[in-house]
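K.L.:
In this text, residue positions in the sequence shown follow our numbering: the first is 2, and each later residue adds one. One structure coming up, written as structure tokens, with questions to follow.
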Amino acid sequence: MNKIRNDFNPNLKQFFINLQNYLDTELYFYGSVNRSDYVHNKSDIDIAIFTDNEYSIMTKLQHYLHVNPNTFDKIVWKLEGTIIYGYKIKCDNYINSKCEIAIYNNDFKEIILKDMRKYKSIPFHIGILLFILKTLHYTFPILSSKTYSTYKRVIFNQIMVNKKDTSFVLL
């Protein structure tokens with residue numbers, strides 16, 4: 002989960018190596034970037050950072066990415082009965098790839114990593130559904146981004162892990 006893919010293009014790989022060194026903390030990659038359904042230059046790259054001081058990491062990220070503090074979104078969500086809060090920033094414009102970095106307090110690390118591990122390996126039938134969905138979205142752009150996201154959420158949350166509440170609240 003905290004390994005930078007070897008098959009990233011050299012600039013992207015170097016960006017993440019430099020970011021990890023600059024922040025002096027581990028980057029936890031999650032989502033399709035850890036699975037066989039990752040599509041280079043199409044799939045988004047999701048990263049989680051865990052820290053004792055979210056504001057310090059946000060300040061470092063702000064300087065590293067050359068962005069304003071208001072670029073960060075506060076997020077709140079419920080996971081296994083625990084209210085999780087953190088911050089997210091999209092860094093698409095800085096690396097020519099879709100990327101989102103989430104910053105959480107270390108207090109939430111184990112519960113979040115446990116949830117992320119559920120999605121690391123997927124059953125064959127889920128892989129087939131994702132392949133079809135990604136083909137219809139990326140190769141033959143039949144599905145809008147919103148429709149693609151909705152179907153992906155349904156596949157993972159209702160078919161794979163039978164979750165009923167999947168919503169994030171952005172403040």
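Just so you know, even glycine gets a beta-carbon here, dropped at the ideal spot from N, CA and C.
Hey, how far is the Cα of F169 from the Cα of I76?
P.N.:
Confidence is the limiting factor: at F169 the pLDDT is only 49, short of 50, which leaves the residue's position unreliable, though a coordinate-based value still follows. So the alpha carbons of these two residues sit roughly 7 Å apart.
K.L.:
Quick one: what's got a C-beta closer than 7 Å to S98's C-beta in the same chain, skipping five residues either side?
P.N.:
Cβ neighbours of S98 beyond the five flanking positions: L13, N42 and I46.
K.L.:
Is there contact between the stretch 78-97 and the stretch 106-117, where contact requires at least three CB pairs shorter than 8 Å?
P.N.:
Output reads yes: the stretch 106-117 touches the stretch 78-97.
K.L.:
In or out: I48 buried (at least 16 other Cβ within 10 Å) or exposed?
P.N.:
The residue is buried, with at least 16 neighbouring Cβ atoms inside 10 Å.
K.L.:
Are the CB atoms of L62 and I90 within a distance shorter than 8 Å?
P.N.:
A contact, by the Cβ cut-off of 8 Å.
K.L.:
Would you say the beta carbon of H138 comes nearer than 7 Å to a heavy atom of the ligand PLP?
P.N.:
Here there are no bound small molecules, and the ligand PLP is not part of this structure.
K.L.:
Assuming contact is defined by CB atoms lying nearer than 8 Å, are E55 and I85 in contact in what I supplied?
P.N.:
No, these two residues do not count as a Cβ contact at 8 Å.
K.L.:
Mind reading off the beta-carbon distance from F17 to L28? Whole number of angstroms is fine, and I expect it under 8 Å.
P.N.:
That pair is a contact at about 6 Å.
K.L.:
Does the separation of the CB atoms of Y174 and L20 fall below 8 Å?
P.N.:
Because residue 174 is not part of the residues shown, which for the chain are 2 to 172, the question remains open.
K.L.:
Please look up how many angstroms separate the CB atoms of K121 and R36, rounded, as I've assumed it's under 8 Å.
P.N.:
Yes, they are in contact, since the Cβ atoms of K121 and R36 sit about 7 Å apart, within 8 Å.
K.L.:
Where do the ends of the alpha helix (DSSP H) carrying L66 lie?
P.N.:
Where L66 is concerned, the enclosing alpha helix (DSSP H) stretches over E55 to L66.
K.L.:
By how many angstroms is the C-alpha of C92 removed from the C-alpha of D38?
P.N.:
Roughly 21 Å between the two C-alpha positions.
K.L.:
Just to check my reading of the structure: T72 and T52 have Cβ atoms closer than 8 Å, yes? What is that Cβ distance to the nearest angstrom?
P.N.:
Contact flag wrong, Cβ pair sits at about 18 Å.
K.L.:
What separation, rounded to the nearest whole angstrom, lies between the Cα atoms of Y149 and I127?
P.N.:
Cα to Cα, Y149 sits roughly 15 Å from I127.
K.L.:
Leaving out five residues before and five after N107 in sequence, what residues of the same chain have Cβ atoms less than 7 Å from its Cβ?
P.N.:
So the qualifying residues of the chain are F51, T52 and D53.
K.L.:
Whole angstroms are fine: how far does the CA of M117 sit from the CA of Y173?
P.N.:
Any answer about residue 173 is impossible in this case: the structure gives the chain only from 2 up to 172.
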